[in-house]
Amino acid sequence: MAIKQEPPVRKCARPITLVHEPKATKAILCLHGYSGYPGELALPANRLFEAGFDVFVPRYPGHGTDGEDFLSTGAKEWIGMAESTLRELNGRYAQVSLVGHSMGGAIAVILAKRYAIKSLVLYAPALLIPALNHGLVSILSLFVKKRPRDWNRDPRYSFFDERDPDDDLYLGSQYWSWLYPRQLRQLSLIRREAEQALAETTADILVLTGENDTTVSQDVGILVIEKGLGNNNWVHMPKATHLIPYDIDRATREEAMERTVSWLSL
């Protein structure tokens, strides 16, 4: 039997580990989004490390490699990687908090229900995605492997991961230039579980949304405030897009980073 060869992981997609010497007492687990990669969270990871936290950004299986590898994974593996990392950190640190972007925000909510998490910061969490129709992607997933979509690199977004000069073109050709119905169904399953978990989540949540976000509804802020059981705060940023951790507007990025550090330092 032929052994499947693991595809190479792009440098910017390799896990980020920032640990003080001696190690800090508090750790932050940062979770990237659907079809994303750890390097997208390089800016908040570095800011949190500078603030005194040890920071960890794992890579979900199937991400940062290629489209075929992506198709071989799903919600179980993505949540599983985040959860196994959290369990390991819980055994080493007095306190672990979570930062999640988009799908990573939804996974953070799921984990916060399962574990005693004190604080979360969610960037445009994938709890409300108007364009994601669960029934439609479920049907399409039975017949369509992938469908092309328009994607062009936008140079206005900043790249904060120094391990690669810029990997947008390659990753764009593998992930963002295609719609993968099966994988979108996996995202929808995570979204549904996270929305249900929110009502049983006692963590204190800071949720950040953007006026120019065309993916996640800004009503997710209201959802977190009304359903979450912790002391929650919603900040809506008028110039933010969906890509808050590396957004176009510098002042918006800086506000998001400052609020992140302040919230997790409470």
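In this note's numbering, the protein residues as written are -14 to 251. For glycine and all other residues, C-beta sits at the position ideal for the given N, C-alpha and C. Bear in mind the structure is a predicted one, so any value in this text is a computation, not a measurement.
Note to self: So, with DSSP's three-state summary, where would you put T245?
What the structure shows: Note: T245 maps to helix in three-state DSSP.
Notebook entry, point to check: Does any heavy atom of the ligand MG sit closer than 7 Å to the C-beta of G24?
Noted result: As far as ligands go, the structure on display features none, and thus does not contain the ligand MG.
Checklist line | Stretch pair the region 33 to 49 + the region 15 to 22: three plus CB contacts closer than 8 Å | finding: Under the three-pair Cβ rule at 8 Å, the region 33 to 49 counts as touching the region 15 to 22.
Margin query: Assess contact between the region 132 to 152 and the region 187 to 200, defined as three or more Cβ pairs (one per stretch) separated by less than 8 Å. Is contact present?
Written below: Taking a contact to require three or more Cβ pairs closer than 8 Å, the region 132 to 152 and the region 187 to 200 do not qualify as touching.
Next item on the list: Using only alpha-carbon positions, find the residue among E25, P150, S104, E211 that is nearest to Q80.
Entry: Proximity to Q80 across E25, P150, S104, E211 peaks at S104, based on C-alpha coordinates.
Notebook entry, point to check: Which residues mark the beginning and the end of the beta strand (DSSP E) in which N137 is found?
Noted result: For N137, no beta strand (DSSP E) segment is defined, and its DSSP state is neither H nor E.
Notebook entry, point to check: If you count every other CB in all the chains shown that lies within 10 Å of the CB of V192, and 16 or more means buried, which is it?
Noted result: In this structure V192 is buried. Its beta-carbon is surrounded by 16 or more other beta-carbon atoms within 10 angstroms.
Checklist line | 4-residue-minimum alpha helix (DSSP H) runs that sit fully inside the region 146 to 191, ordered along the chain | finding: Fully enclosed alpha helix (DSSP H) runs of 4 or longer: 153 to 156, 166 to 183.
Notebook entry, point to check: Taking just the CA atoms, how far does E(-9) sit from I102?
Noted result: Inter-residue distance for I102 and E(-9) is about 33 Å (C-alpha atoms, whole angstroms).
Notebook entry, point to check: Does the count of Cβ pairs from the region 221 to 240 and the region 195 to 213 closer than 8 Å reach three?
Noted result: The region 221 to 240 is in contact with the region 195 to 213.
Margin query: Suppose the cutoff is 7 Å on Cβ atoms and the five residues either side in sequence are ignored; what does the same chain contact list for M(-14) look like?
Written below: For M(-14), the pLDDT reaches just 48, beneath the cut-off of 50, and the residue's location in the model is therefore unreliable, leaving the point undetermined.
Next item on the list: Assess, as a yes-or-no matter, whether the region 155 to 172 is touched by the region 200 to 217 under the definition of 3 or more beta carbon pairs within less than 8 Å.
Entry: Cβ pair count under 8 Å is below three, so no.
Next item on the list: Taking P(-7) and P23 to be in contact with their CB atoms under 8 Å, please state how far apart those CB atoms are, rounded to whole angstroms.
Entry: The Cβ separation is near 15 Å, so there is no contact.
Next item on the list: Drop a sphere of 10 angstroms on the beta-carbon of A236, count the other beta-carbons inside from all chains shown, and report buried for 16 or more, exposed for fewer.
Entry: Exposed is the call here.
Checklist line | Beta-carbon gap between S126 and A111 smaller than 8 Å | finding: Against a cut-off of 8 Å, the Cβ pair of A111 and S126 comes out as no contact.
Next item on the list: Report the three-state DSSP secondary structure of F55 (helix, strand or coil).
Entry: The DSSP-derived three-state label of F55 is helix.
Check: For R132, which option in N216, F145, Y165 has the closest C-alpha, if you only look at C-alpha atoms?
Finding: Distances from the alpha-carbon of R132 to those of N216, F145, Y165 put Y165 closest.
Check: Should V40 be labelled buried (16 or more other beta-carbon atoms within 10 Å of its own) or exposed?
Finding: Classification of V40: buried, given that the 10 Å Cβ count is 16 or more.
Margin query: By the three-class DSSP mapping on this structure, what secondary structure does S123 have?
Written below: S123: helix per DSSP, three-state reduction.
Margin query: Just verifying my parser: in three-state terms, what is the DSSP assignment at N75?
Written below: Helix at N75.
Margin query: If you follow the beta strand (DSSP E) that V40 is in, where does it begin and where does it stop?
Written below: For V40, the enclosing beta strand (DSSP E) has its first and last residue at 39 to 42.
Item checked: Distance, K11 Cα to P29 Cα -> When rounded, the distance between both Cα atoms is 15 Å.
Next item on the list: State the DSSP-derived secondary structure class of A36, mapped to helix, strand or coil.
Entry: Note: A36 maps to coil in three-state DSSP.
Margin query: Just to check my reading of the structure: L251 and L33 have Cβ atoms closer than 8 Å, yes? What is that Cβ distance to the nearest angstrom?
Written below: In fact, because the Cβ distance is near 14 Å, the residues do not count as touching under 8 Å.
Item checked: I114 versus D149 - alpha carbon distance -> C-alpha separation (whole angstroms): 30 Å.
Notebook entry, point to check: What does DSSP give as the partner residues of Q80 in its beta bridges?
Noted result: Paired residues: K11.
Next item on the list: From the DSSP output, in three-state form, read off V129 for me.
Entry: Coil at V129, not helix or strand.
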